[in-house]
Amino acid sequence: MIYDNVATDPANFNTQPQVQVIAESAEKHSGPFDGARGLSAKFFNLDSFTNKLKSITRQTSTSRCARSIRLAFQSAGAKFQSHPVAAADWGDTLKTIGYRQIQPSFDNPQDGDIYIIHRTQKHKYGHIAGYSGNSWVSDFKQRSYDVYRDKNVQYSYYRLSK
Numbered sequence: 000m001i002y003d004n005v006a007t008d009p010a011n012f013n014t015q016p017q018v019q020v021i022a023e024s025a026e027k028h029s030g031p032f033d034g035a036r037g038l039s040a041k042f043f044n045l046d047s048f049t050n051k052l053k054s055i056t057r058q059t060s061t062s063r064c065a066r067s068i069r070l071a072f073q074s075a076g077a078k079f080q081s082h083p084v085a086a087a088d089w090g091d092t093l094k095t096i097g098y099r100q101i102q103p104s105f106d107n108p109q110d111g112d113i114y115i116i117h118r119t120q121k122h123k124y125g126h127i128a129g130y131s132g133n134s135w136v137s138d139f140k141q142r143s144y145d146v147y148r149d150k151n152v153q154y155s156y157y158r159l160s161k
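The numbers in this note's numbering rise by one with no breaks, and the one at position 8 of the sequence shown is 7.
Have a look at this one:
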């Protein structure tokens, strides 16, 4: 899955800009993440994030998974001055906004969980999706987390720090 650049542009492969995240909010979010580390404690609204994911009803991919997840984060309070192009490069950005990497938990996902599929020979940009509370969503509503149908893919799994 690609972000929002031309897929054939070799400049987009294995490039990861320095993460620059700015969170702004008129008021502090109060809720289950008060006291959380990172930007999530003050600025991340999990309900807004999952609602944005739930609004994505497309049944097939547009190859812009990272763009969809970025827009969901922006709807929840994060503002990005620069961000990774490839889905596979979003791990450090997730950590910057308050996520922590955990062991994959596909059998028990929690609202707001994120997984990243690492690059493969066939999928040079990888894939990223978020859990809406009902399903895994990227640029489309997925039937499962297993979108590549390849047993050899590697996953990184992230959960919002509490």
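Here a beta-carbon is modelled for each residue, glycine too, at the ideal position from N, C-alpha and C.
- Excluding its 5 nearest sequence neighbours in each direction, residue 158 has C-beta neighbours in its own chain below 7 Å: 98, 99, 101, 109, 112, listed in chain order.
- Selection 146, 136, 145, 151 evaluated against residue 57 yields 136 as nearest (Cα-Cα).
- Under the three-state reduction of DSSP output, residue 72 falls in the helix class.
- Given a length threshold of 3 residues, each whole run of the beta strand (DSSP E) inside the stretch 40-108 is given here in chain order: 77-81, 98-101.
- Taking C-beta separations shorter than 6 Å and ignoring five residues to either side along the sequence, the partners of residue 75 in its chain run 43, 44, 47, 48, following chain order.
- Contact annotation: residue 87 and residue 116 have beta-carbon atoms nearer than 9 Å.
- Under the DSSP assignment, residue 126 falls in the beta strand (DSSP E) whose first and last residues are 126-130.
- CA-to-CA, the gap between residue 62 and residue 138 works out to about 7 Å.
- In the three-state DSSP reduction, residue 152 falls in the coil class, being neither helix nor strand.
- The C-beta distance from residue 155 to residue 114 rounds to 7 Å, short enough to fall under 8 Å.
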